[in-house]
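Data block below; observations after.
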Ligand SMILES: [Cu+2]
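Numbering (this note's numbering), first residue to last: 5 to 299.
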């Protein structure tokens, strides 16, 4: 979630900066510029916050919508206060509407499409802020009160900022919904009535191994490794749901209904030969045993 915090920080800081920038020039800003700025700020903040909240609180659309509406409305309102009542109204309403839409987007868009969408919004936001800064700055300058040339006068400066945002987005870790850390080896263990295939699993001491157990039998089967505490399950590394996957319940215990699979990532602390077997009464005796060799 580091990326989310970075984006929120970037949006907040540039929002505060732009609000301050306009506030300092509130006497010279043309009403139309103020209105459009308020609308833009409310809308972009609402949209970006909405998208993020929609993703963060996926499944609870009313909650993410409330938060996003509040964020957008707040941004638009605060921005408008030094300018005019109309700007306040415009900013607040734009923020509310965009927050609502952003939250819906976050709720609906699949995870892998969130980042490109977020990138698009942040680029648009950055571009709008730069453009408005330039317009407001120019007007203020023209009226002569504020002689300082702040803003993006040189077209290259604007391009640099946009390239910066682009590069910054490239630095985000690629979103992956699968295992959090790299698993070196993976083993498929098939169970049927009444045997395991393979009957022997070989792994290296200290190495993480993802064991995926497929129950291809007509009955429920279990894989239980007798490790004497020498094998540990790496938490959160496994059981990410493919549609038919059930979670492992016990420590070294994988359970799956007929036709389903389950997986976990394990690591052995000590060399040795350990056995695994099916805990369903009678199955071990019928041949559901195997060995796990740790070298
Ligand atoms: Cu069994």
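For each residue, glycine too, the CB sits at the ideal point set by N, CA and C.
Q) Should the segment 190–204 be called in touch with the segment 215–228, which here means at least 3 C-beta pairs below 8 angstroms? A) Inter-segment contact for the segment 190–204 and the segment 215–228 is present: three or more beta-carbon pairs are separated by less than 8 angstroms.
Q) Does ligand 1 have a heavy atom nearer than 7 angstroms to the CB of residue 226? A) Yes; taking the cut-off as 7 angstroms, the Cβ of residue 226 has a heavy atom of ligand 1 nearer than that.
Q.
Applying the 10 Å Cβ sphere with the 16-neighbour rule, what's the burial state of residue 22?
A. By the beta-carbon neighbour count (other beta carbons within 10 angstroms, threshold 16), residue 22 is buried.
Q. Taking 7 angstroms as the cut-off, is the CB of residue 198 close to at least one heavy atom of ligand 2?
A. Ligands in the displayed structure: ligand 1; ligand 2 is not one of them.
(Q) One question on the structure: do residue 54 and residue 121 come within less than 8 angstroms of each other, judged by their Cβ atoms? (A) Note that the C-beta distance between residue 54 and residue 121 is not below 8 angstroms.
Q) CB-CB under 6 angstroms to residue 176, same chain, minus the five flanking residues each way: which ones, in chain order? A) Taken in chain order, the residues that qualify are 7.
Q. What is the DSSP secondary structure of residue 189, reduced to helix, strand or coil?
A. Strand at residue 189.
Q. Within 7 angstroms: the Cβ of residue 292 and any heavy atom of ligand 1?
A. Yes - ligand 1 has a heavy atom lying nearer than 7 angstroms to the Cβ of residue 292.
Q) Per DSSP, what kind of secondary structure is residue 41 in: helix, strand or coil? A) Reduced to three states, the DSSP call for residue 41 is helix.
Q) Alpha carbon to alpha carbon, how far is residue 293 from residue 210? A) When only Cα atoms are considered, residue 293 and residue 210 end up about 24 angstroms apart.
Q) Could you give the distance in angstroms between the alpha-carbon of residue 144 and the alpha-carbon of residue 32? A) When only Cα atoms are considered, residue 144 and residue 32 end up about 5 angstroms apart.
Q) Should residue 289 go down as buried or exposed, given a rule of 16 or more other Cβ atoms within 10 Å for buried? A) Exposed.
Q: Take every Cβ of the segment 31–46, pair it with every Cβ of the segment 78–88, and state whether three or more of those distances are shorter than 8 angstroms.
A: Counting C-beta pairs with one atom in each stretch, the segment 31–46 and the segment 78–88 have three or more that are closer than 8 angstroms, which means they touch.
Q | Element boundaries [beta strand (DSSP E), containing residue 209] | A | No beta strand (DSSP E) contains residue 209, which DSSP labels as neither H nor E.
Q. Is residue 105 near ligand 1, in the sense that its beta carbon is under 7 angstroms from a heavy atom of that ligand?
A. Every heavy atom of ligand 1 is 7 angstroms or more from the Cβ of residue 105, so no.
Q) For residue 276, which three-state DSSP category applies? A) If DSSP states are grouped into helix, strand and coil, residue 276 belongs with the strands.
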